[in-house]
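There are 2 protein chains.
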Amino acid sequence: MTTAPPARPAKRGRPGYDLESLLAVAVQLFNERGYDGTSMEDLSRKLGISKSAIYHHVPSKEELLRLAVDRALDGLFATAALARELPGSALTRLEHLVRGSVLVLVERLPFVTLLLRVRGNTKVERTALARRREFDQLVTDLVAEAVHDGELRPELDPATTSRLLFGMVNSLIEWYRPQGGSGGEELAEAVVAVAFDGLRVRPQNPE
Amino acid sequence: MTTAPPARPAKRGRPGYDLESLLAVAVQLFNERGYDGTSMEDLSRKLGISKSAIYHHVPSKEELLRLAVDRALDGLFATAALARELPGSALTRLEHLVRGSVLVLVERLPFVTLLLRVRGNTKVERTALARRREFDQLVTDLVAEAVHDGELRPELDPATTSRLLFGMVNSLIEWYRPQGGSGGEELAEAVVAVAFDGLRVRPQNPE
Chain C
0 MTTAPPARPA KRGRPGYDLE SLLAVAVQLF NERGYDGTSM EDLSRKLGIS KSAIYHHVPS
60 KEELLRLAVD RALDGLFATA ALARELPGSA LTRLEHLVRG SVLVLVERLP FVTLLLRVRG
120 NTKVERTALA RRREFDQLVT DLVAEAVHDG ELRPELDPAT TSRLLFGMVN SLIEWYRPQG
180 GSGGEELAEA VVAVAFDGLR VRPQNPE
Chain P
0 MTTAPPARPA KRGRPGYDLE SLLAVAVQLF NERGYDGTSM EDLSRKLGIS KSAIYHHVPS
60 KEELLRLAVD RALDGLFATA ALARELPGSA LTRLEHLVRG SVLVLVERLP FVTLLLRVRG
120 NTKVERTALA RRREFDQLVT DLVAEAVHDG ELRPELDPAT TSRLLFGMVN SLIEWYRPQG
180 GSGGEELAEA VVAVAFDGLR VRPQNPE
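Listed in order, the protein sequences are those of chains C and P.
According to numbering that gives the first Met the number 0, the first sequence is numbered sequentially starting from 0.
According to numbering that gives the first Met the number 0, the second sequence is numbered sequentially starting from 0.
Next up, the structure:
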């Protein structure tokens, strides 16, 4: 079976690829060889279609990059928006945000991997980095609120706390590989447990 | 002042560079452009000396890579050896290992950064990856011992725990920048505190 059922209304184009499946292959190549190290020629060879068939779907390589990193960023911002709407303490919302971010990472692994490797050489990359900083600021603000409410340890400044927190989350791209669908929820719980309650067993572990 | 005092017995070579200062510049370039993306020509241009002057110090680009990643790996293994010799519980030794690894990272930041980006295209890279796996196994064994002793939470398997732990440690290369000498000890304490006791404030925080 070479024709994947289109996940969204198919654009015109050569049979066998819609924008979605083309994007998946492009992201795989970008992750393997680096964005700068991948040409439209490489992509055309990998897909087995001509460059003009690719340009039928997208105007440029940079547009493929934009679509890919937005897939990751949109997921993260949707999670942040949900977390902010939650009733409950700042800590509850922060835990929700961490859990949700792990799930986005697991579900959109190739897109998040690409996002985390973006270095800022093009306009699309600089925009992505700016959105990442905006997301980091949301996390830092929530950490600061939870520290202010006496729920999080105050010795660390909120920016350092949020970096350590998402350092752990983001490091998942280095080793996590999905195994048949499930596993994301468990992993998200594990990360939240380690981050907020630590690895040490306590005589009476408060729940 | 262009001639740095040699940190170790100077090899013959053009005045202005000993092996140590040459290695520092090479590692900086490798980190900026990638190892594959850096030629001896690039290095010669950056240093302002001829390629043959470089070959006076080292036989190949790969030998520079080997020296650099060994600088990181030797530091990590020395820390692991010290931790293993410590009296006390497995958890105490693990905390020591995490603290020491943060200090190695801070003190040898460019070398550890390079090590963590190694992908395994050459013999030197494959050897470095094998030593990284060996180090990971030391951490995992110590985690397993601490879980067995009832000191670490048993819900996670030891390999996942050690990945989350060193995910947090290794993520420091993404943002930590030394500011005038100190700061490493504090950062190491912060990482140990977050990893083992979590971010949450408890009514009675046992020390």
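Cβ atoms here follow ideal geometry from the backbone N, Cα and C, with glycine treated the same way.
DSSP state of residue i mapped onto helix, strand, coil
{"i": "residue 199 of chain C", "result": "strand"}
{"i": "residue 151 of chain P", "result": "strand"}
{"i": "residue 172 of chain C", "result": "helix"}
{"i": "residue 120 of chain C", "result": "coil"}
{"i": "residue 182 of chain P", "result": "coil"}
{"i": "residue 34 of chain C", "result": "coil"}
{"i": "residue 50 of chain P", "result": "helix"}
{"i": "residue 107 of chain C", "result": "coil"}
{"i": "residue 87 of chain C", "result": "coil"}
{"i": "residue 95 of chain C", "result": "helix"}
{"i": "residue 59 of chain P", "result": "coil"}
{"i": "residue 156 of chain C", "result": "coil"}
{"i": "residue 73 of chain C", "result": "helix"}
{"i": "residue 17 of chain C", "result": "coil"}
{"i": "residue 190 of chain P", "result": "helix"}
{"i": "residue 11 of chain P", "result": "Note that residue 11 of chain P scores 48 on pLDDT, short of 50, meaning its location in the model is unreliable; the coordinates nonetheless yield the value given after this. Note: residue 11 of chain P maps to coil in three-state DSSP."}
Residue i versus residue j - alpha carbon distance
{"i": "residue 54 of chain C", "j": "residue 48 of chain C", "result": "11 Å"}
{"i": "residue 25 of chain C", "j": "residue 42 of chain C", "result": "6 Å"}
{"i": "residue 104 of chain P", "j": "residue 96 of chain P", "result": "12 Å"}
{"i": "residue 185 of chain P", "j": "residue 157 of chain C", "result": "15 Å"}
{"i": "residue 73 of chain C", "j": "residue 100 of chain C", "result": "11 Å"}
{"i": "residue 3 of chain C", "j": "residue 182 of chain C", "result": "Only weak support is given to the placement of residue 3 of chain C: the predicted model assigns it a pLDDT of 49, under 50, and the value that follows is read from those uncertain coordinates. Computed Cα separation, rounded: 25 Å."}
{"i": "residue 117 of chain C", "j": "residue 92 of chain P", "result": "37 Å"}
{"i": "residue 188 of chain P", "j": "residue 129 of chain P", "result": "29 Å"}
{"i": "residue 152 of chain C", "j": "residue 98 of chain P", "result": "19 Å"}
{"i": "residue 83 of chain C", "j": "residue 107 of chain C", "result": "22 Å"}
{"i": "residue 10 of chain C", "j": "residue 18 of chain C", "result": "Residue placement at residue 10 of chain C is flagged as unreliable, the pLDDT there being 46, under the threshold of 50; a coordinate-derived value is accordingly withheld."}
{"i": "residue 46 of chain C", "j": "residue 31 of chain C", "result": "15 Å"}
{"i": "residue 190 of chain P", "j": "residue 138 of chain P", "result": "16 Å"}
{"i": "residue 199 of chain C", "j": "residue 115 of chain P", "result": "27 Å"}
{"i": "residue 177 of chain C", "j": "residue 102 of chain C", "result": "11 Å"}
{"i": "residue 15 of chain C", "j": "residue 127 of chain C", "result": "30 Å"}
{"i": "residue 192 of chain P", "j": "residue 147 of chain P", "result": "21 Å"}
{"i": "residue 201 of chain C", "j": "residue 136 of chain C", "result": "32 Å"}
{"i": "residue 12 of chain P", "j": "residue 51 of chain P", "result": "Reliability fails at residue 12 of chain P, whose pLDDT of 45 lies under 50, so the model's placement of it is uncertain and no value is given."}
{"i": "residue 140 of chain C", "j": "residue 44 of chain P", "result": "45 Å"}
{"i": "residue 37 of chain P", "j": "residue 169 of chain P", "result": "24 Å"}
{"i": "residue 20 of chain P", "j": "residue 20 of chain C", "result": "48 Å"}
{"i": "residue 86 of chain C", "j": "residue 33 of chain C", "result": "42 Å"}
{"i": "residue 164 of chain C", "j": "residue 164 of chain P", "result": "11 Å"}
Cβ-Cβ separation, residue j to residue i (assumed contact under 8 Å), whole Å
{"i": "residue 90 of chain P", "j": "residue 154 of chain P", "result": "That pair is no contact at about 16 Å."}
{"i": "residue 77 of chain C", "j": "residue 110 of chain C", "result": "Wrong, their Cβ atoms sit about 13 Å apart, outside the cutoff."}
{"i": "residue 66 of chain C", "j": "residue 22 of chain C", "result": "6 Å"}
{"i": "residue 197 of chain C", "j": "residue 196 of chain P", "result": "4 Å"}
{"i": "residue 113 of chain C", "j": "residue 68 of chain C", "result": "6 Å"}
{"i": "residue 75 of chain P", "j": "residue 134 of chain P", "result": "5 Å"}
{"i": "residue 174 of chain P", "j": "residue 162 of chain C", "result": "5 Å"}
Best match in the options for proximity to residue i [C-alpha to C-alpha]
{"i": "residue 60 of chain P", "options": "P:78, P:167 and P:35", "result": "P:35"}
{"i": "residue 160 of chain P", "options": "C:177, C:39, C:142 and C:194", "result": "C:194"}
{"i": "residue 171 of chain P", "options": "C:172, C:171 and C:166", "result": "C:166"}
{"i": "residue 145 of chain P", "options": "P:94, P:17 and P:28", "result": "P:94"}
{"i": "residue 39 of chain P", "options": "P:198, P:19, P:64 and P:17", "result": "P:64"}
{"i": "residue 88 of chain P", "options": "P:113, P:162 and P:143", "result": "P:143"}
{"i": "residue 122 of chain C", "options": "C:62, C:51, C:147 and C:192", "result": "C:62"}
{"i": "residue 131 of chain P", "options": "P:79, P:173 and P:50", "result": "P:79"}
C-beta neighbour in chain D for residue i, strict 7 Å
{"i": "residue 32 of chain C", "result": "The structure shown contains no chain D; its protein chains are C and P."}
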